[in-house]
Amino acid sequence: MPTDLSSIVVRYEPGRVALSGAVEQDVTITAQSMLNHLLETASQRSIDLVAIATGIYAIDRACKRKLTRHNECGVRTLRVVFEVSDLAFWQQPDIVEQLTDILCVLSGDTWLVSFAKRSEPHQTTAVQRSLDLQQPLPTRVALYSGGLDSAAGLANQLVANDQTYMLLTVGHHVAVRSKCLDQVKKLRQILRTPMLHHASFMVRFDGGVAGKMKSQEKSQRARGFLFCAAAALLADACDIEDIELFENGVGAINLPLTEGGLTDGLSTRGAHPGFLAKMGALVSAVLETPLRFSLPFLSATKAEMVQPLVARPLLAEWLQQSCSCIHTSLRVRGKRHCGHCPACIERRQAFRGGGIEEGAKDYEVDLFSGGVPKDFAYFMSYLENARWWSTGHARVKSRLARHCILTDSTHVPIDQIESMLVRHANESLLTYGGVELLEAA
Numbered sequence: 014m015p016t017d018l019s020s021i022v023v024r025y026e027p028g029r030v031a032l033s034g035a036v037e038q039d040v041t042i043t044a045q046s047m048l049n050h051l052l053e054t055a056s057q058r059s060i061d062l063v064a065i066a067t068g069i070y071a072i073d074r075a076c077k078r079k080l081t082r083h084n085e086c087g088v089r090t091l092r093v094v095f096e097v098s099d100l101a102f103w104q105q106p107d108i109v110e111q112l113t114d115i116l117c118v119l120s121g122d123t124w125l126v127s128f129a130k131r132s133e134p135h136q137t138t139a140v141q142r143s144l145d146l147q148q149p150l151p152t153r154v155a156l157y158s159g160g161l162d163s164a165a166g167l168a169n170q171l172v173a174n175d176q177t178y179m180l181l182t183v184g185h186h187v188a189v190r191s192k193c194l195d196q197v198k199k200l201r202q203i204l205r206t207p208m209l210h211h212a213s214f215m216v217r218f219d220g221g222v223a224g225k226m227k228s229q230e231k232s233q234r235a236r237g238f239l240f241c242a243a244a245a246l247l248a249d250a251c252d253i254e255d256i257e258l259f260e261n262g263v264g265a266i267n268l269p270l271t272e273g274g275l276t277d278g279l280s281t282r283g284a285h286p287g288f289l290a291k292m293g294a295l296v297s298a299v300l301e302t303p304l305r306f307s308l309p310f311l312s313a314t315k316a317e318m319v320q321p322l323v324a325r326p327l328l329a330e331w332l333q334q335s336c337s338c339i340h341t342s343l344r345v346r347g348k349r350h351c352g353h354c355p356a357c358i359e360r361r362q363a364f365r366g367g368g369i370e371e372g373a374k375d376y377e378v379d380l381f382s383g384g385v386p387k388d389f390a391y392f393m394s395y396l397e398n399a400r401w402w403s404t405g406h407a408r409v410k411s412r413l414a415r416h417c418i419l420t421d422s423t424h425v426p427i428d429q430i431e432s433m434l435v436r437h438a439n440e441s442l443l444t445y446g447g448v449e450l451l452e453a454a
């Protein structure tokens with residue numbers, strides 16, 4: 014057992030992960046019965062992956078960033094020891110390098126990762142049984158969050174083809190699972206889809222330093238690792254190689270609005286093509302089967318994901334039941350969205366650009382009725398970047414080129430990304446141009 018108290022030790026037991034050493038934190042895993050069965054029959058290395066992914070998620074939230082004059086972005090140095098069953102595999106230099114590279118890409122932090130042998134194997138059954146699934150069996154696997162992109166993406170895919178999906182919802186609150194189940198049930202009724210399989214994987218903090226929301230790191234940059242690891246295990250069990258993420262191209266690429274944002278590690282990259290390629294390679298090695306993560310809507314803006322569904326009135330109404338706000342703990346009676354965070358700004362732009370008239374009653378701040386965004390500087394920068402893209406300014410094109418290099422996503426055609434960002438810029442200016450003039454007056 015490691016004795017370095019500066020390290021965070023991650024240990025897995027059935028249904029929970031414990032952090033000890035530099036951070037003391039217990040995390041409970043609440044998996045839907047289908048995934049519980051999967052974990053009971055999984056290989057030792059698969060359980061190692063669950064432990065590592067859950068531990069990473071917990072560490073990312075339990076270790077708050079400390080902003081100082083010499084560390085303006087709060088970059089953390091995290092020394093972690095993962096207790097694993099298959100030590101020989103995880104200690105391979107290329108596996109260690111892949112893992113640390115992925116974590117650096119996601120969080121912008123320095124992860125000093127090492128492994129220790131568990132005192133005993135993980136508790137699993139020797140007999141590998143197939144998942145007990147109803148017919149028709151799933152032909153595709155996708156992550157489903159309950160946000161607008163997930164909702165529009167799933168609806169578009171179901172309208173366009175007759176594939177049967179296995180959906181996976183990953184989160185930290187049981188209410189998220191309930192909302193997603195309800196959304197999917199209503200979508201099945203609207204489209205009269207015979208079957209949509211749905212699994213969930215929830216993690217909950219039990220006391221400790223992250224027992225209260227105010228004590229947690231809210232950026233949660235590394236959560237994409239947990240989402241993709243859980244999806245990979247499920248896809249492998251379903252004998253499906255491709256895992257879909259319903260994210261619009263602007264959100265997936267997530268080009269920072271400033272030059273400093275290229276390297277500050279504060280931009281979300283959980284659906285970035287560069288990260289997904291790296292993650293696909295890692296889980297393929299862990300599970301010894303070819304797996305890949307795909308973005309069916311990488312070339313589309315959020316509004317372009319919404320627009321094809323406008324002709325179906327019930328779907329247009331259903332989409333508005335999704336939740337996009339980053340302030341998940343918003344406590345304003347009758348309001349599910351703050352209306353001014355980056356996610357809400359994009360959501361309202363997508364509905365207007367996509368041709369869906371939505372009411373303002375769901376928003377705490379209504380930008381279309383004189384409401385002022387709390388981060389007005391961000392809103393102005395958002396519009397300034399839109400103007401630059403709309404006019405083909407060299408500044409944003411140069412920033413995009415550097416962003417693609419820094420995130421290892423040069424395999425995505427840059428002209429395709431530029432075209433999408435120009436369309437998004439024009440949508441944004443049509444939606445918010447008048448708002449800027451109103452507030453600046």
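Convert by adding 13 to the 1-based position in the sequence shown; the result is the number in the working numbering. Ideal Cβ positions, reconstructed from N, Cα and C, are used throughout, including at glycine.
{"query": "Beta bridge counterpart(s) of VAL97 as assigned by DSSP", "result": "LYS130"}
{"query": "Cβ-Cβ separation, PHE240 to GLY273 (assumed contact under 8 Å), whole Å", "result": "That belief does not hold up - the Cβ atoms of GLY273 and PHE240 are roughly 27 Å apart, past 8 Å."}
{"query": "DSSP-derived helix/strand/coil call for ARG24", "result": "strand"}
{"query": "Rounded C-alpha distance that separates LEU125 from ARG153", "result": "36 Å"}
{"query": "Beta-bridge partners of HIS350, as assigned by DSSP", "result": "TYR376"}
{"query": "Alpha helix (DSSP H) runs contained entirely in the region 380-422, provided each spans 4 or more residues", "result": "389-403 and 407-419"}
{"query": "Contact set for ASP39: own chain, Cβ-Cβ below 8 Å, skip 5 residues either direction", "result": "ARG29, VAL30, ALA31, LEU32, PHE218, ASP219, GLY220 and GLY221"}
{"query": "C-alpha gap between GLY159 and GLU260, whole angstroms", "result": "12 Å"}
{"query": "The region 288-307 in contact with the region 176-188 per 3-pair CB rule at 8 Å", "result": "no"}
{"query": "Per DSSP, cross-strand counterpart(s) of THR182", "result": "SER213"}
{"query": "Assigned secondary structure, ASN49 (DSSP; H/G/I helix, E/B strand, else coil)", "result": "helix"}
{"query": "Every unbroken beta strand (DSSP E) within the region 226-260, with a cutoff of 3 residues, ordered by chain", "result": "255-258"}
{"query": "beta-carbon ILE339 near the ligand GTP non-hydrogen atom, thresh 6 Å", "result": "As presented, the structure is devoid of all ligands, the ligand GTP included, so that no description of it is given."}
{"query": "Local Cβ density within 10 Å of SER19, reported as buried at 16 or more and exposed below that", "result": "exposed"}
{"query": "Continuous alpha helix (DSSP H) stretch holding SER59: start and end", "result": "57-75"}
{"query": "Among HIS416, ARG74, VAL187 and ARG131, the one whose alpha carbon lies nearest that of GLN57", "result": "ARG131"}
{"query": "Outcome for CYS117 when other beta-carbon atoms lying within 10 angstroms are tallied against a minimum of 16", "result": "exposed"}
{"query": "Cut-off 6 Å between Cβ atoms - residues of its own chain near VAL97, not counting five sequence neighbours on either side", "result": "ASP61, TRP103 and PHE128"}
{"query": "Straight-line gap, ASP428 to LEU146 (C-alpha atoms, nearest Å)", "result": "43 Å"}
{"query": "Spatial neighbours of HIS437 in its chain, beta-carbon cut-off 6 Å, leaving aside the 5 residues before and after", "result": "VAL263 and THR314"}
{"query": "Reduced DSSP category for ASN84 - H, G, I as helix; E, B as strand; rest coil", "result": "strand"}
{"query": "Short Cβ contact (7 Å threshold) for LEU204 with LEU156", "result": "no"}
{"query": "Beta-carbon separation (whole angstroms), GLU230 vs CYS76, contact threshold 8 Å", "result": "6 Å"}
{"query": "Validate contact between the region 236-254 and the region 365-375 using beta carbons, cut 8 Å, 3 pairs", "result": "no"}
{"query": "The region 187-205 contacting the region 291-303, beta-carbon criterion three pairs below 8 Å", "result": "no"}
{"query": "DSSP three-state assignment for THR113, whether helix, strand or coil", "result": "helix"}
{"query": "Pair within 7 Å by beta-carbon distance, SER394 and ARG360", "result": "no"}
{"query": "Where the alpha helix (DSSP H) containing LEU156 begins and where it ends", "result": "Here LEU156 belongs to no alpha helix (DSSP H); instead the beta strand (DSSP E) covers 153-156."}
{"query": "6 Å Cβ shell around ARG24 - same chain, five flanking residues per side excluded", "result": "ALA31 and GLU96"}
{"query": "Pick from HIS83, GLY121, THR81 and ILE21 that is closest to ILE72, judged by C-alpha positions", "result": "ILE21"}
{"query": "Counted within 10 angstroms of its Cβ, other Cβ atoms place ALA324 as buried (16 or more) or exposed", "result": "exposed"}
{"query": "Contact set for HIS350: own chain, Cβ-Cβ below 6 Å, skip 5 residues either direction", "result": "CYS338, CYS357, ASP375 and TYR376"}
{"query": "Cα-Cα separation between LEU332 and VAL197, rounded to whole angstroms", "result": "11 Å"}
{"query": "Same chain only: Cβ atoms within 6 Å of GLU133, ignoring 5 sequence neighbours per side", "result": "none"}
{"query": "Beta-carbon contacts of LEU83 that lie in its chain and below 6 Å, excluding the five residues immediately before and after", "result": "The sequence given here has His at residue 83, not Leu. Excluding positions up to five away in sequence, the list is empty."}
{"query": "THR444 versus ASP195, GLY366, ASP252 and ALA244, residue with shortest Cα-Cα distance", "result": "GLY366"}
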